[in-house]
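For the sequence shown, this note's numbering gives the first residue as 2, with consecutive numbering after it. Backbone N, C-alpha and C define an ideal beta-carbon position, used for all residues, glycine too. Contents: one structure, followed by commentary.
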Amino acid sequence: MLFWLSMLFAIGFALIHFSSKYMNFIEETPRSRILSIAGGIAVAYVFLHLLPELNGYQESLEDSIGTDAGRYIENHIYLIAMIGLAIFYGLERIVKVSKKKKKDKTENQTSAGVFWIHIGSFFIYNSIIGYLLIREEFESPWGMFFYFIALSIHFITNDRGLRRDHREVYDKYGRMLLTAAILLGWMIGAVMEVHELIISILVAFLAGGVVLNVLKEELPEERESSFAAFCIGLAGYSVLLMVI
């Protein structure tokens, strides 16, 4: 059952990413309350599900890794989450610098090279999400459903940010590639299973990336984001995760 449900959700991820271009009711500035609620939901999912799950991986794999080096990596799995956050922060800085240089030349978008680096990183990011959809050990269909909801709205937020940075070239190439990445990740997961340590690293990297991508959208003053809406998403989704 979970296999077919994961396939349905993978298609849902792809459709949401593909159609987000047409969600014109979501405003950028002032920031739509929908996006702030989405940010709160994504952060709640990371802190109440993904990060505790890393602790579970650490405990369950402690005896299965034979070398001291392996134990060292596993005991510091949260470093991977931090590295994921740092990588996406670095990418955002590259994008900002490129846009500033282009703006000085009356072009308010990034260079082609920066675009492909940025899209390449999100291609990997989306592929990980697609892969974990089928290979993550969800306790029930509800667990998979919560994963789908949290990351679907996270995709919408990411899509708005990428379109703002890269404009027409994102709609022409980036959106299609990121849609395909989700399905590719799912298909790889359907035919290939990796060691649980790799899964834990992917989950950690994803957690760090989600936190950074949410905060970079919510914190800048010019976004005029809604703290109340963010808290509603955070609190509401937290309650759901804890009671179901």
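query, result
"Element boundaries [alpha helix (DSSP H), containing Met193]", "Note, Met193: premise wrong, no alpha helix (DSSP H); not H, not E."
"Span of the alpha helix (DSSP H), counted from its first residue to its last, around Asp166", "Pro142 to His167"
"Residue range of the alpha helix (DSSP H) that includes Leu16", "Leu3 to Ser20"
"Where the alpha helix (DSSP H) through Leu51 begins and ends", "From DSSP, Leu51 is part of no alpha helix (DSSP H); its letter is neither H nor E."
"Collapsed DSSP secondary structure at Ile183 in the structure displayed", "helix"
"Local conformation of Met83 per DSSP, three classes", "helix"
"Buried versus exposed, by CB contacts within 10 Å (16 or more), Lys173", "exposed"
"Three-state secondary structure (DSSP) of Met243", "helix"
"For Gly209, the nearest candidate out of Tyr171, Leu198, Leu51 and Ile135 (CA to CA)", "Leu51"
"Asn159 versus Trp143 - alpha carbon distance", "24 Å"
"Local conformation of His77 per DSSP, three classes", "coil"
"Test item: CB-CB of Ile1 and Met24 under 9 Å", "In the structure as shown, the chain starts at 2 and stops at 245, and residue 1 therefore has no counterpart that could be examined."
"Terminal residues of the alpha helix (DSSP H) in which Val44 lies", "Arg34 to Tyr46"
"Cβ shell of Arg176 (< 6 Å), same chain only, five flanking positions each side left out", "none"
"Candidates Lys102, Gly162, Gly91 and Gly131, of which the one nearest Met188 by Cα", "Gly131"
"Assigned secondary structure, Ser128 (DSSP; H/G/I helix, E/B strand, else coil)", "helix"
"Proximal residues to Val204 (C-beta, below 8 Å), its chain only, five neighbours per side dropped", "Leu51, Glu54, Leu55, Tyr58, Leu133 and Glu137"
"Any non-hydrogen atom of the ligand SAH closer than 8 Å to His155 Cβ", "This structure lacks the ligand SAH, and indeed carries no ligand of any kind."
"7 Å Cβ shell around Ala11 - same chain, five flanking residues per side excluded", "Gly131, Leu134, Ile183, Leu184 and Trp187"
"Phe268 in three-state terms, based on DSSP", "The chain is shown only over 2 to 245; residue 268 falls outside these bounds and no answer can be derived."
"Sub-9 Å separation of Ile154 and Ile38 beta-carbons", "yes"
"Nearest residue (CA-CA) to Leu36, options Glu169, Met243 and Ser226", "Ser226"
"Separation of Ile118 from Ser99, as counted between CA atoms", "12 Å"
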